[in-house]
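Colleague: Dropping the structure in here first, questions after.
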Amino acid sequence: MKTKSGGLRKTLPLLLLAAPGLLYFLINNYLPMAGIFIAFKDVNYAKGIFGSDWVGFDNFKFLFQTSDAWIMTRNTLLYNLAFIVLGTMLSILIAILMSELLKSLWSKLFQSGLVLPNLISMVVLSYIVFAFLNADSGFINNSILKPLGIPEINWYSEAKYWPYLLVFIQLWKTAGYGSIVYIAFISGIDKSIYEAAKIDGAGKLKQIRMITLPLLKPTIIILTLMSIGRIFNSDFGLFYQVPMNAGALYSTTQTIDTYVYRALMQVNDIGMSAAAGLYQSVVGFILVMAANAIVKKVNPENALF
Amino acid sequence: MKTKRLWGSLLSLVLCGSLLAGCGTESSSSSAQEGNGSQKVDKVVFAMPSFNRIPDDISKVTAAINAITVPKIGVEVDFRLYGPADYAQKVNLALQSGEQMDVFTTLGQFTNYASKNQLYPLEELLPQYGKELTQILEKDFGPNLLEATTMDGHIYGVPVNKGMSLPTNIVYNADMLKESGLTADQMTSLDDLPAVFEAVKQKHPDVIPFGPVNVNPSDTNLVLALKGMHKIDFLSDTTGIGVVVGNDGKVQNFYDTDAFKQGTKMMRNWFEQGFLEKDAATTSISFSDTIASGRGFSFLGGYSGMEAAKALSAQTGKNLEMKRLVPYYFDTGAVNLVSWMVSSTTKVPEGSVKFLNMLYTDQQLINTILYGIEGEDYVKVDEHHVKFPDGMDASTVPYTAMLSTGIVGSESLQYQLEGVNWSDVELKLKENKETERSPYFGFIFDPSEVKTQMSAVTNVVNQFLPALVTGVLDPDVTIPQFVKALNDAGASDIIASKQKQLDEWIAQQKK
Chain A
82 MKTKSGGLRK
92 TLPLLLLAAP
102 GLLYFLINNY
112 LPMAGIFIAF
122 KDVNYAKGIF
132 GSDWVGFDNF
142 KFLFQTSDAW
152 IMTRNTLLYN
162 LAFIVLGTML
172 SILIAILMSE
182 LLKSLWSKLF
192 QSGLVLPNLI
202 SMVVLSYIVF
212 AFLNADSGFI
222 NNSILKPLGI
232 PEINWYSEAK
242 YWPYLLVFIQ
252 LWKTAGYGSI
262 VYIAFISGID
272 KSIYEAAKID
282 GAGKLKQIRM
292 ITLPLLKPTI
302 IILTLMSIGR
312 IFNSDFGLFY
322 QVPMNAGALY
332 STTQTIDTYV
342 YRALMQVNDI
352 GMSAAAGLYQ
362 SVVGFILVMA
372 ANAIVKKVNP
382 ENALF
Chain B
14 MKTKRLWGSL
24 LSLVLCGSLL
34 AGCGTESSSS
44 SAQEGNGSQK
54 VDKVVFAMPS
64 FNRIPDDISK
74 VTAAINAITV
84 PKIGVEVDFR
94 LYGPADYAQK
104 VNLALQSGEQ
114 MDVFTTLGQF
124 TNYASKNQLY
134 PLEELLPQYG
144 KELTQILEKD
154 FGPNLLEATT
164 MDGHIYGVPV
174 NKGMSLPTNI
184 VYNADMLKES
194 GLTADQMTSL
204 DDLPAVFEAV
214 KQKHPDVIPF
224 GPVNVNPSDT
234 NLVLALKGMH
244 KIDFLSDTTG
254 IGVVVGNDGK
264 VQNFYDTDAF
274 KQGTKMMRNW
284 FEQGFLEKDA
294 ATTSISFSDT
304 IASGRGFSFL
314 GGYSGMEAAK
324 ALSAQTGKNL
334 EMKRLVPYYF
344 DTGAVNLVSW
354 MVSSTTKVPE
364 GSVKFLNMLY
374 TDQQLINTIL
384 YGIEGEDYVK
394 VDEHHVKFPD
404 GMDASTVPYT
414 AMLSTGIVGS
424 ESLQYQLEGV
434 NWSDVELKLK
444 ENKETERSPY
454 FGFIFDPSEV
464 KTQMSAVTNV
474 VNQFLPALVT
484 GVLDPDVTIP
494 QFVKALNDAG
504 ASDIIASKQK
514 QLDEWIAQQK
524 K
């Protein structure tokens, strides 16, 4: 009895502190889940949502109707894979470099500078990109390609360049922000380990390879697992705004989110949009579980749950 | 230690509290208007899109509207004003969440609302509460206007009553034309334009002779011109899958017709001669900006009447004029493009229709909605004209929705801004009656059985059309790809479904 009340007294502040977050999750993430059934309804406003007819998987058909189904699934998966792999690598690289700089006064400035791109809205970013890539007056065509005598490129109608462009833009925007977690973690590593390594004659590179990276591994795994859960979702701004919604680029810029937006802007059907959302969530869920199971098999301590 | 923990608990309590406070609903302060007097007052929510700045506070205008509607029809109006970008979203949200939303409009989505049963059928209420409304539509447009909003015998909306004939005009910089040694008489059809563009280009090498009227996605109005030239009925949607050319009753794919091939070939020629920008299909700089900066010469626009160039000149600061090149062709979609509708979930259908009736027929109400309060927001000049109070303009007056003139009510009852020729309004009404109507006027396609295919083809059209109507891609190569992609997406199902519904509709008309 005494221990129980004592336990509660001990955890009460923590519970209360967590309450707003839990409440938020409950209201924002769990309550709306009841709406999943809309994905299987042919919503008819006269009959109301509950009275509408059940249509089975009809609402999911539009996702697989065209050859675009393959293109958009491929694009979504490959882009996210590239973002996860390259983004993690770049973030860690930045974090290691920054933590080496940590003593210097400049590091604070660099750190702020690295986070800044993340604060720029995608719409603003799309115009920055436009200033570079515009066919007639863009920086790349006018100030780089022209003086070099290379024929100008009509960027917004050549799909083949966009995989590189989009990956570059995404990394430019997010890598700095992503490195913060790693910087925090690296600064928490016991300095005496490095000193011991130094005495043993390990150089900087060897220290990074043998100490920093192994200690970072659990963090990397957790963050990667969390991004895998969203592998079927894409940043709408990046794939819609940045390519300026150019039709000629659909083959490399179409993702599931942009397809759903473009398809349903006209039809405006909530059953079909619910179906698309459900499809993305289910696949994301399966992927997280699978990835976690694999991690668990290889290295049980590092698994998320 | 103990106090510390107490403080911790308190702090987190405060945090929770502030969170909950944020969630609190604003308790609605509905005035106790009901009950004074024996007459019951219906509360109608009326949402209108405004292309002007949305004022922070429109309560004065709402009060002015209610000063008209409460005594006359016993309706208290809850007036909502939204910008064009979020109008549809706000209305849909209200409809889906069950919030009260009674009278609203749409830009081109009429069929969608109707096919999802979101609209209240008006055919029983209109004869009773909308007599004046029906009369003025007949006077200004001609008979049977409401056919364009009738599905399965139910009238689901009322088209806005304005100059609805939108012939294709070439809008051009008159000074540049003169400097190039040409006159407007040299432009009588689309075929005359390349010579004009060439002359302008010779004289002003920096100027782009022609550009898309809308960007993102780019649209040159080529499709509008082709519709008028070849008398093409789009059968009540805008996708172009399933149209009828002329009066043969055969539903076909617009993008597979000779008309479309010829048109895109012409545009391709213009593009290859350098009359359009290289990135015309994807540019995000609107051509009116290009014209305002003195680097653009002309575009094709669909405008009723003859005076639209005046407003465009004021907007761009250049001396613009326009010349009609292609007549208009009335199909159902052209007429119900902007329609006022009543929500199927409304609790006050009578009040809504009474209000709708006034929205088309009460001069005072229409102009209060458009121009605000006399003396504060506008000053009357004469019977038909108003101006802004001295020292004010559209962006500085407390309230104006003057750019919504094409959205609300009857154009023949609206005040015009000083300087607009009143005879132009009369001309527009005359053309409403004289413009050729498609034999399938009144046919509305119900897309619900092919909505999967509709959503798929919409994507394909977005992908190919902008580059074709700007000539950026070669139609000889691209159109076959385009048509194949459409067929893969299920275009033939849509065409078959449209053909079936059209045949039924024709059979019904003959009865």
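Protein chains in written order, with the working numbering: chain A, 82 to 386; chain B, 14 to 524. For each residue, glycine too, the CB sits at the ideal point set by N, CA and C.
Please decide whether methionine 325 of chain A counts as near chain B, where near means a Cβ-Cβ distance under 9 angstroms.
Modeller: Within the first sequence, numbered from 1, the residue matching residue 325 of chain A stands at position 244. Cβ-Cβ to chain B under 9 angstroms: yes for methionine 325 of chain A.
Colleague: Here's a check: name, in chain order, each residue in its chain whose Cβ is nearer than 6 angstroms to the Cβ of alanine 414 of chain B, leaving out the five neighbours to either side.
Modeller: Translated into the one-based positions of the second sequence, residue 414 of chain B becomes position 401. Cβ neighbours of alanine 414 of chain B beyond the five flanking positions: Ser63, Asn65, Leu383.
Colleague: Please state the DSSP three-state secondary structure of tyrosine 185 of chain B.
Modeller: Mapped onto the second sequence, residue 185 of chain B falls at position 172. In the structure shown, tyrosine 185 of chain B sits in a strand (DSSP, three-state: E or B).
Colleague: Using a Cβ cut-off of 9 angstroms (strictly closer), state whether aspartate 149 of chain A contacts chain B.
Modeller: To locate residue 149 of chain A, count along the first sequence from 1; it is residue 68. Chain B contact via Cβ: present.
Colleague: Is alanine 208 of chain B buried or exposed, if buried means 16 or more other CB atoms sit within 10 Å of its CB?
Modeller: By one-based count along the second sequence, residue 208 of chain B stands at place 195. Counting Cβ neighbours within 10 Å, alanine 208 of chain B comes out exposed, since fewer than 16 surround it.
Colleague: Which term fits isoleucine 108 of chain A, buried or exposed, when burial requires 16 or more other beta carbons within 10 angstroms of its beta carbon?
Modeller: Numbered from 1 along the first sequence, position 27 holds the residue referred to as residue 108 of chain A. Burial call: exposed.
Colleague: When you compare the CB positions of aspartate 188 of chain B and lysine 331 of chain B, do they come within less than 9 angstroms of one another, or not?
Modeller: Translated into positions along the second sequence, residue 188 of chain B becomes position 175. Translated into positions along the second sequence, residue 331 of chain B becomes position 318. Against a cut-off of 9 angstroms, the Cβ pair of lysine 331 of chain B and aspartate 188 of chain B comes out as a contact.
Colleague: With a cut-off of 8 angstroms, do at least 3 Cβ pairs link the stretch 307-318 of chain B to the stretch 180-198 of chain B?
Modeller: Segments in contact, yes.
Colleague: Cα-Cα, which of B:Glu396, B:Leu442, B:Gln102, B:Thr409 is closest to leucine 430 of chain B?
Modeller: Taking the second sequence and counting its residues from 1, the one referred to as residue 430 of chain B is at position 417. Nearest of B:Glu396, B:Leu442, B:Gln102, B:Thr409 to leucine 430 of chain B, Cα basis: B:Glu396.
Colleague: Pick helix, strand or coil for proline 172 of chain B, following the three-state DSSP scheme.
Modeller: As a first step, residue 172 of chain B must be located in the second sequence, where it is residue number 159. Residue state, collapsed to three classes: strand.
Colleague: DSSP three-state call for glutamate 89 of chain B: helix, strand or coil?
Modeller: Your numbering for residue 89 of chain B matches position 76 in the second sequence. Strand at glutamate 89 of chain B.
Colleague: Alanine 13 of chain B and phenylalanine 143 of chain A look like a contact to me (Cβ under 8 angstroms); what is the Cβ gap, rounded to whole Å?
Modeller: Nothing can be reported for residue 13 of chain B, as the shown portion of chain B is limited to 14 through 524.
Colleague: Around the C-beta of asparagine 260 of chain B, are 16 or more other C-beta atoms found within 10 angstroms, so that it is buried, or is it exposed?
Modeller: Along the second sequence, one-based indexing puts residue 260 of chain B at 247. So asparagine 260 of chain B ends up on the exposed side.
Colleague: Please return the same chain residues whose Cβ sits closer than 7 angstroms to the Cβ of glycine 235 of chain A, not counting the five positions on each side in sequence.
Modeller: Taking the first residue of the first sequence as position 1, residue 235 of chain A is located at position 154. Correcting the residue identity first, residue 235 of chain A is asparagine in this sequence and not glycine. Contacts found: Ala216.
Colleague: Output needed in chain order: residues of the stretch 485-517 of chain B with a Cβ under 9 angstroms from some Cβ in chain A.
Modeller: Going along the stretch 485-517 of chain B in chain order, one finds Val485, Leu486, Ala498, Asp501, Ala502, Gly503 with a Cβ nearer than 9 angstroms to chain A.
Colleague: Who are the neighbours of threonine 418 of chain B on chain A, taking C-beta pairs under 7 angstroms?
Modeller: Against the second sequence, residue 418 of chain B aligns to sequence position 405. The contacting residues do not exist; threonine 418 of chain B stays about 26 angstroms from chain A at best.
Colleague: Using a Cβ-Cβ cut-off of 9 angstroms, state whether serine 468 of chain B counts as contacting chain A.
Modeller: Counting from one through the second sequence, the residue named residue 468 of chain B turns up at place 455. Serine 468 of chain B counts as touching chain A.
Colleague: Whose Cβ in chain B lies nearer than 7 angstroms to the Cβ of arginine 155 of chain A?
Modeller: The sequence position of residue 155 of chain A within the first sequence is 74, counting from 1. Simply none; closest approach about 16 angstroms.
Colleague: Using 9 angstroms as the limit for Cβ to Cβ distance, is leucine 478 of chain B near chain A?
Modeller: Position 465 of the second sequence, counted from the first residue, corresponds to residue 478 of chain B. Yes, because at least one Cβ of chain A sits closer than 9 angstroms to the Cβ of leucine 478 of chain B.
Colleague: Give me the residue from B:Thr345, B:Ala321, B:Val348, B:Ala327 with the minimum Cα distance to lysine 336 of chain B.
Modeller: As a first step, residue 336 of chain B must be located in the second sequence, where it is residue number 323. For the residues B:Thr345, B:Ala321, B:Val348, B:Ala327, the minimum Cα distance to lysine 336 of chain B belongs to B:Ala321.
Colleague: Using the beta-carbon count (16 or more within 10 Å), is alanine 371 of chain A buried or exposed?
Modeller: Translated into the one-based positions of the first sequence, residue 371 of chain A becomes position 290. Classification of alanine 371 of chain A: exposed, given that the 10 Å Cβ count is below 16.
Colleague: Taking 9 angstroms as the threshold (C-beta atoms), are isoleucine 250 of chain A and leucine 162 of chain A in contact?
Modeller: As a working mapping, residue 162 of chain A is identified with position 81 in the first sequence. As a working mapping, residue 250 of chain A is identified with position 169 in the first sequence. Going by C-beta atoms, leucine 162 of chain A is not nearer than 9 angstroms to isoleucine 250 of chain A.
Colleague: State the Cα-Cα distance for the pair serine 231 of chain B and valine 361 of chain B, rounded to the nearest angstrom.
Modeller: In the second sequence, residue 231 of chain B corresponds to position 218, counting from 1. In the second sequence, residue 361 of chain B corresponds to position 348, counting from 1. Roughly 42 angstroms separates the two Cα atoms.
Colleague: Is the stretch 294-311 of chain B in contact with the stretch 140-151 of chain B, if contact means three or more CB pairs nearer than 8 angstroms?
Modeller: Short answer: they don't touch.
Colleague: Use the C-beta contact count for glycine 224 of chain B: other C-beta atoms within 10 angstroms, 16 or more gives buried, fewer gives exposed.
Modeller: As a first step, residue 224 of chain B must be located in the second sequence, where it is residue number 211. Result: buried.
Colleague: Could you tell me the boundaries of the alpha helix (DSSP H) in which glutamate 447 of chain B lies?
Modeller: Position 434 of the second sequence, counting from 1, holds the residue named residue 447 of chain B. Counting along the chain, the alpha helix (DSSP H) containing glutamate 447 of chain B begins and ends at 435-447.
Colleague: For chain B, is any of its Cβ atoms less than 9 angstroms away from the one on glycine 358 of chain A?
Modeller: Working through the first sequence from its first residue, we reach residue 358 of chain A at position 277. No, glycine 358 of chain A does not count as interfacial toward chain B.
Colleague: What ranges does the alpha helix (DSSP H) occupy inside the stretch 195-233 of chain B, keeping only unbroken runs of at least 4 residues that lie completely in it?
Modeller: List check, alpha helix (DSSP H) in window: 206-216.
Colleague: Quick one: what's valine 399 of chain B bridged to in DSSP?
Modeller: What you label residue 399 of chain B is simply residue 386 of the second sequence in a count that begins at 1. Paired residues: B:Lys393, B:Leu430.
Colleague: Applying the criterion that 16 or more other CB atoms from any shown protein chain within 10 Å of the CB defines a buried residue, is lysine 129 of chain B buried or exposed?
Modeller: As a first step, residue 129 of chain B is located in the second sequence; it is residue number 116 there, counting from the start. So lysine 129 of chain B counts as buried.
Colleague: Which residue spans inside the stretch 125-194 of chain A form an unbroken beta strand (DSSP E) run of at least 3?
Modeller: Segments of the beta strand (DSSP E) lying fully in the stretch 125-194 of chain A: there are none.
Colleague: Would you kindly work out how many angstroms separate the C-alpha atoms of glycine 464 of chain B and alanine 101 of chain B, rounded to a whole number?
Modeller: Locating residue 464 of chain B in the second sequence gives position 451, counting from the first residue. Locating residue 101 of chain B in the second sequence gives position 88, counting from the first residue. Checking the displayed sequence, the identity of residue 464 of chain B turns out to be lysine instead of glycine. C-alpha separation (whole angstroms): 20 angstroms.
Colleague: Using a Cβ-Cβ cut-off of 7 angstroms (strictly less than) and excluding sequence neighbours within five positions of serine 172 of chain A, which residues of its own chain qualify?
Modeller: Within the first sequence, the letter at position 91 stands for residue 172 of chain A. Cβ within range, chain order: Ala256, Gly259, Ser260, Tyr263.
Colleague: Report the start-end ranges of each alpha helix (DSSP H) in the stretch 68-154 of chain B that is 4 residues or longer and not cut off at the edges.
Modeller: DSSP runs (the alpha helix (DSSP H)) wholly in the stretch 68-154 of chain B: 72-86, 100-110, 123-128, 139-142, 144-154.
Colleague: Between which residues of its own chain and valine 376 of chain A is the CB-CB distance below 8 angstroms, once the five residues before and five after are set aside?
Modeller: Taking the first sequence and counting its residues from 1, the one referred to as residue 376 of chain A is at position 295. For valine 376 of chain A, where only same-chain residues beyond five positions count, the Cβ hits under 8 angstroms are Ile302, Leu306, Asn383, Ala384, Leu385.
Colleague: For glycine 318 of chain B, I'd like the list of residues in its chain whose CB is within less than 7 angstroms of its CB, leaving aside the five on either flank, ordered along the chain.
Modeller: Residue numbering aside, residue 318 of chain B sits at position 305 when the second sequence is read from its first letter. Counting only Cβ-Cβ distances below 7 angstroms, and skipping sequence neighbours, we find Gly176, Asp437, Leu440, Lys441.
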